Amino acid sequence: MPLLPGTAPVLVGRAAPLAALTEHADLCRTERSGALLLGGDAGIGKSRLVAEFARTRRPGTVLVGGCLELGVDGLAYAPFTAALRQLLRERGPEPFAAGGRAGELARLLPELGPVPEGGHRDRGLLFGLVLHLLRTVAGEEGLTLVLEDLHWADGATRDLLVYLIRNLDLPGVQIVATYRSDDLHRTHPLRRLLPELERLPSVTRLELEPLTRAEVEEHVRALTGRSPAPAELDDLYRRSDGIPLYVEALAASPHRPGGVPDAFRDLLLAPVDRLDDAALSVLRLSAVGAVSGTVSHEALRHASDLGDRDLEIALHTLIDARLLHVDGDGYRFRHALLREAVHESLLPGTRTRLHLLLARIVGDHPGTVPPERRAAELAHHFQAAHDLPRAVTAAWAAAERAGETLAHGERLAMLRRVLELWDRVPDAAALLGGRERPAVLAEAALSALEGGHPRMAWELCDEALAAVPEEPADDAGLELRALLLRRRGQARSQCVDPGAEDDLAEALRLHPPHMPGYARMLSILARETMVRADGRGPLDRSAEELATEAITAAERVGDDSALAAALVTLGSVLMAQGEEDRGRPYLKRSIELSRRIGDPMMEARGVNNLSHYLREQGQHTRALELLEDFLAAPGHRDSGWVHGGFTSQNLAELHYEMGDLAGARAIAVRALGHSPSPTHRVFLLVPASRAAIAQGDLEAARSGTARGELGEAGIASLDRASVLSLERVDQAQQAASAWLDLLLAEGDAETARAYAVQVLERPGFAGSAGYGWVITELAAEAVRRSGAGPGDPARARVEELLEMPVHGPVQEAFRASTAARLAEGAADPREVLERWAAAVAAWEATPLVLNLAAARLRAARAALAVRAPERARAWWEPVGPAAAASGAEPLAREAADLGRRAGFTAPVRAAPAGLTPREAEVLRLLAAGGTNAQIAAELFISPKTASVHVSNILAKLGAPNRAAAGARARDLGLA
Numbered sequence: 006m007p008l009l010p011g012t013a014p015v016l017v018g019r020a021a022p023l024a025a026l027t028e029h030a031d032l033c034r035t036e037r038s039g040a041l042l043l044g045g046d047a048g049i050g051k052s053r054l055v056a057e058f059a060r061t062r063r064p065g066t067v068l069v070g071g072c073l074e075l076g077v078d079g080l081a082y083a084p085f086t087a088a089l090r091q092l093l094r095e096r097g098p099e100p101f102a103a104g105g106r107a108g109e110l111a112r113l114l115p116e117l118g119p120v121p122e123g124g125h126r127d128r129g130l131l132f133g134l135v136l137h138l139l140r141t142v143a144g145e146e147g148l149t150l151v152l153e154d155l156h157w158a159d160g161a162t163r164d165l166l167v168y169l170i171r172n173l174d175l176p177g178v179q180i181v182a183t184y185r186s187d188d189l190h191r192t193h194p195l196r197r198l199l200p201e202l203e204r205l206p207s208v209t210r211l212e213l214e215p216l217t218r219a220e221v222e223e224h225v226r227a228l229t230g231r232s233p234a235p236a237e238l239d240d241l242y243r244r245s246d247g248i249p250l251y252v253e254a255l256a257a258s259p260h261r262p263g264g265v266p267d268a269f270r271d272l273l274l275a276p277v278d279r280l281d282d283a284a285l286s287v288l289r290l291s292a293v294g295a296v297s298g299t300v301s302h303e304a305l306r307h308a309s310d311l312g313d314r315d316l317e318i319a320l321h322t323l324i325d326a327r328l329l330h331v332d333g334d335g336y337r338f339r340h341a342l343l344r345e346a347v348h349e350s351l352l353p354g355t356r357t358r359l360h361l362l363l364a365r366i367v368g369d370h371p372g373t374v375p376p377e378r379r380a381a382e383l384a385h386h387f388q389a390a391h392d393l394p395r396a397v398t399a400a401w402a403a404a405e406r407a408g409e410t411l412a413h414g415e416r417l418a419m420l421r422r423v424l425e426l427w428d429r430v431p432d433a434a435a436l437l438g439g440r441e442r443p444a445v446l447a448e449a450a451l452s453a454l455e456g457g458h459p460r461m462a463w464e465l466c467d468e469a470l471a472a473v474p475e476e477p478a479d480d481a482g483l484e485l486r487a488l489l490l491r492r493r494g495q496a497r498s499q500c501v502d503p504g505a506e507d508d509l510a511e512a513l514r515l516h517p518p519h520m521p522g523y524a525r526m527l528s529i530l531a532r533e534t535m536v537r538a539d540g541r542g543p544l545d546r547s548a549e550e551l552a553t554e555a556i557t558a559a560e561r562v563g564d565d566s567a568l569a570a571a572l573v574t575l576g577s578v579l580m581a582q583g584e585e586d587r588g589r590p591y592l593k594r595s596i597e598l599s600r601r602i603g604d605p606m607m608e609a610r611g612v613n614n615l616s617h618y619l620r621e622q623g624q625h626t627r628a629l630e631l632l633e634d635f636l637a638a639p640g641h642r643d644s645g646w647v648h649g650g651f652t653s654q655n656l657a658e659l660h661y662e663m664g665d666l667a668g669a670r671a672i673a674v675r676a677l678g679h680s681p682s683p684t685h686r687v688f689l690l691v692p693a694s695r696a697a698i699a700q701g702d703l704e705a706a707r708s709g710t711a712r713g714e715l716g717e718a719g720i721a722s723l724d725r726a727s728v729l730s731l732e733r734v735d736q737a738q739q740a741a742s743a744w745l746d747l748l749l750a751e752g753d754a755e756t757a758r759a760y761a762v763q764v765l766e767r768p769g770f771a772g773s774a775g776y777g778w779v780i781t782e783l784a785a786e787a788v789r790r791s792g793a794g795p796g797d798p799a800r801a802r803v804e805e806l807l808e809m810p811v812h813g814p815v816q817e818a819f820r821a822s823t824a825a826r827l828a829e830g831a832a833d834p835r836e837v838l839e840r841w842a843a844a845v846a847a848w849e850a851t852p853l854v855l856n857l858a859a860a861r862l863r864a865a866r867a868a869l870a871v872r873a874p875e876r877a878r879a880w881w882e883p884v885g886p887a888a889a890a891s892g893a894e895p896l897a898r899e900a901a902d903l904g905r906r907a908g909f910t911a912p913v914r915a916a917p918a919g920l921t922p923r924e925a926e927v928l929r930l931l932a933a934g935g936t937n938a939q940i941a942a943e944l945f946i947s948p949k950t951a952s953v954h955v956s957n958i959l960a961k962l963g964a965p966n967r968a969a970a971g972a973r974a975r976d977l978g979l980a
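Count along the sequence shown from 1, add 5, and you get the number used in our numbering.
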């Protein structure tokens, strides 16, 4: 192993945690991949423990990477890059080529070749490929990935770690991540992340404890070869607090009884005081050069005044003194605290001189640092040396490098450093190739957007726009202002701000059509317009018009990325309007183009949109085949990015509507565990909640529950009222539909009816097809159950919506069942029957098995109400088997109850007291206080027939009246 050195010849006091690491590794290899988070104070021995554990594993099955010291911005994915470099060194390039996208992994490991140009900027593909690589490398033997010093992790590293933990669901991979517990201050990002990770079933947390007094004695004996005297041991144990690093420093220092030194730095630096001048100079150079953890031998050779032989002697001295240790082709301090102490002990002038010296060496000799660290280290050295002009240029270069790795947070940090130094550096724009401050702010806003910080992006755009004329005089100025408005519009859209469309419209007005980016602007505006309620936006132009113009503009300038986006939008708009023959070719063309240009995210968008509209047309089997073929395609298999929120939503919806309730829940719940975006979280909660409702699991549907190894969220995590203000109409429709479904299932028909009024009042909310018909049918059911008659606002609104257009058999069936629900309680029983008969016929033309079963059950009720038992029985019979096959327990119970009341099923047990099964049913209702008319309605018989049954019951029971018969029914267990 290249890292994780030990200092003592034996490991003391760590048998239990070592056994825990071994047990965890075996569990990860045989049952399920997982992560162990190893915490403890600085110097507690985390690295020593992991090093000992690594030595017990089979060679070639442990990869190690360390996070870089806090304060060195711009170095993204550092531990993963180090681990992948070790993998490349040990196994060659073959594992990286297995996924067919080694170029993408070059973003993390430059040795793999050039980074792909153009295409996507989404990290999902990169993360998915790392996931696939680890699974592949793990094989049968398993793999342990060690990530050291997680308290120093950059944002991109934390994001990738979380992604891997949530997506490594198959056996084979163990992740061990160490961190300093005492470094986690109140606002530290890891402090907020650890509890979230610890709640996951695949995560174990282990905290190392200080050594006991007996263990301290054993540790000293292992270090020095002698046992300390009791008084000396007492003093050493008290002063070290059982921290192994402190024990080592104290044991190596002259015994000084008394209190703890003013600063522990004195103990750490005690061996330094005994060095000769040559070794001391090399140690100081190492402290300045190892800002990223390691300093290369080549860097020291160029920086030192010593000859090669004298340099080697000095390095041997430092290694023998346990101040440095060999790390690959360079050197690392025995502990980061020691490097900090040496660096802080430098005089200000010396520190500045050495940082400038190391910056010159890194600049003149690129091989002295790995390529991914070069720009960030230069920026750090120049800033530490107060050379601000070169700090600005180096920070800009580091930002560009971070952009290549899609490390949006790190790119933003470096750009913000550029902006912070701007006013302190004369002619900063000239240093950056003529880029003025607003242009840098625009780039920072882009990184904030891509990093999930829309509010920050908005603020950065505001600052930039204030410095740009409202009506620029030249094309470059127009393009910049348009770009800033576009990015602010996107940020405001993510913040659900109503001014987003105005920004996008103004951006389009300003952007010169002949300048790069115009087609992209059009495609973005077309997509935003498509998901708005009115479908037009502030330009009073439809999404179809904007997408068509975007296609023309993209083809004119050869912008394939914008072209693929516009094709998806246009195809989606047309298919939503029921023009499948026109829309489908655009979607297929976008999918093929995205595949050709290497933009998997746009390809996924095209596939998912096509699948969505095929589902809305009732072509569920084709939609499911499309998604499954996409997931099974080479390069997609085992790549977690393809299981994004949108893909999982479409899969869950298909399974739900086809009657696979358990499958729908499993897909949605698993995707919810992968930290989807807020938008996709809504889309996933809906099928998960509605499937739970159909299964009768109302507690899970509302509040969530634990299911096996997965935590399931409920729809109540989305406020019922606030979902109506969601900017995306489809998102709001789905969330409202789940709430209506839940309120009805809980029996709160009046609240459901009142909520339906709120829902249907939103402009464009119900009038749009697709999910609008789902909302409308649920609103009709709320009207039916609440008994709302003519003049009720909910009823009146649903009646109006019966006239909205339908596209395809599914929407036709929703309209038919909506009309039937409204007819109940308001129309002649025979008209109700015909309405339900029409609804059954409409649902039979779709694959929505539970919608069909529910319609058949309502039709059977309607037939019984008009004394048509044979017709009722024909509709009733398939309902129970369909409900049972889907696991729809409430529907199955309802069907069984109707069959019993209608006399379609044999009684579970023989009727007592000589009663017939029908008389037993009548007696049960009579005991509940039912009149003859009420009994007749419940059992679908005439009042006269009910009266005859009551007379026969009284005679058989010898009861003088109905009250006595009711008491007798209770004695017989019928009531």
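Don't be surprised by glycine CBs; every beta carbon is placed ideally from N, CA and C. Quantities reported herein were computed from a predicted structural model and do not represent experimental measurements.
Please return the same chain residues whose Cβ sits closer than 8 Å to the Cβ of E57, not counting the five positions on each side in sequence. G11, L16, R19, L23
Classification of N172 by the beta-carbon crowding that lies within 10 angstroms, buried from 16 upward: buried
If we call anything under 8 Å between Cβ atoms a contact, is A697 one with R670? yes
Does the distance from the CB of V845 to the CB of G623 come in under 8 Å? no
Start and end of the beta strand (DSSP E) containing A182? 178-185
Quick one: grab the DSSP three-state call for D281. coil
For a quick check, are the C-beta atoms of T183 and S52 less than 8 Å apart? yes
Measuring straight from C-alpha to C-alpha, what distance separates V884 and P834? 22 Å
If I follow the unbroken alpha helix (DSSP H) through L862, where does it start and stop? 854-870
Taking DSSP as the reference, what is the three-state secondary structure of R210? strand
Looking at L483 and L515, is the spacing between their C-beta atoms short of 8 Å? yes
Taking the Cβ atom as the reference point for each residue, do A107 and A161 lie within a distance shorter than 8 Å? no
Can you give me the C-alpha to C-alpha distance between A47 and L343, rounded to a whole angstrom? 11 Å
Using DSSP bridges, identify the partner residues of F338. L329
Alpha carbon to alpha carbon, how far is V291 from V331? A small fix is needed here, since residue 291 is Ser in this sequence, not Val. Answer to the nearest angstrom: the Cα atoms are 12 Å apart.
Have a look at I720 and A628 and give me their C-alpha separation to the nearest angstrom. 26 Å
What span of residues does the alpha helix (DSSP H) with G609 cover, start to end? It is Ala, not Gly, that sits at residue 609 in the sequence shown. Here the alpha helix (DSSP H) through A609 covers 605-621.
At least three beta-carbon pairs within less than 8 Å, the stretch 317-335 to the stretch 236-247: no
Proximity to L89 [Cα-Cα], best of A893, G247, E377, P922: E377
Residue closest to D810, alpha-carbon to alpha-carbon, out of E415, A399, R863, W778: The sequence as given places Pro at residue 810; Asp does not occur at that position. Ranking the options by Cα distance to P810, first place goes to W778.
Do Q738 and I780 have their CB atoms nearer than 8 Å? yes
Can you give me the C-alpha to C-alpha distance between M419 and A462, rounded to a whole angstrom? 15 Å
Could you give the distance in angstroms between the alpha-carbon of L41 and the alpha-carbon of L211? 7 Å
With distances taken from CA atoms, which of D432, L93, A858 is nearest A890? A858
Classify P353: buried if its beta carbon has 16 or more other beta carbons within 10 angstroms, exposed otherwise. exposed
Rounded to whole angstroms, how far is the Cβ of R440 from the Cβ of A434, which I believe are closer than 8 Å? 6 Å
Quick check: the Cα distance between L166 and F387, rounded to an integer number of angstroms? 31 Å
Need the endpoints of the beta strand (DSSP E) that E153 sits in, please. 148-153
Could you tell me which whole alpha helix (DSSP H) segments of length 4 or greater appear in the stretch 758-840? 776-791, 798-806, 814-828
Going by DSSP, what residues sit across from S301 in a beta bridge? G335
Whole angstroms are fine: how far does the CA of A548 sit from the CA of G294? 56 Å
Using a 10 Å radius around the Cβ and a threshold of 16 neighbouring Cβ atoms, would you call A941 buried or exposed? buried
Could you check where the beta strand (DSSP E) with L114 kicks off and where it finishes? Looking at the DSSP string, L114 is not in any beta strand (DSSP E), and its letter there is neither H nor E.
Excluding the 5 residues preceding and the 5 following R532 in the sequence, name in chain order all residues of the same chain whose CB lies nearer than 6 Å to its CB. T574
Compare the Cα-Cα distances from T684 to each of G678, D665, F651 and report the closest residue. F651
Spatial neighbours of A900 within its chain, please: C-beta separation below 7 Å, excluding the five flanking residues on both sides. L862, W881, V884, G885, A888
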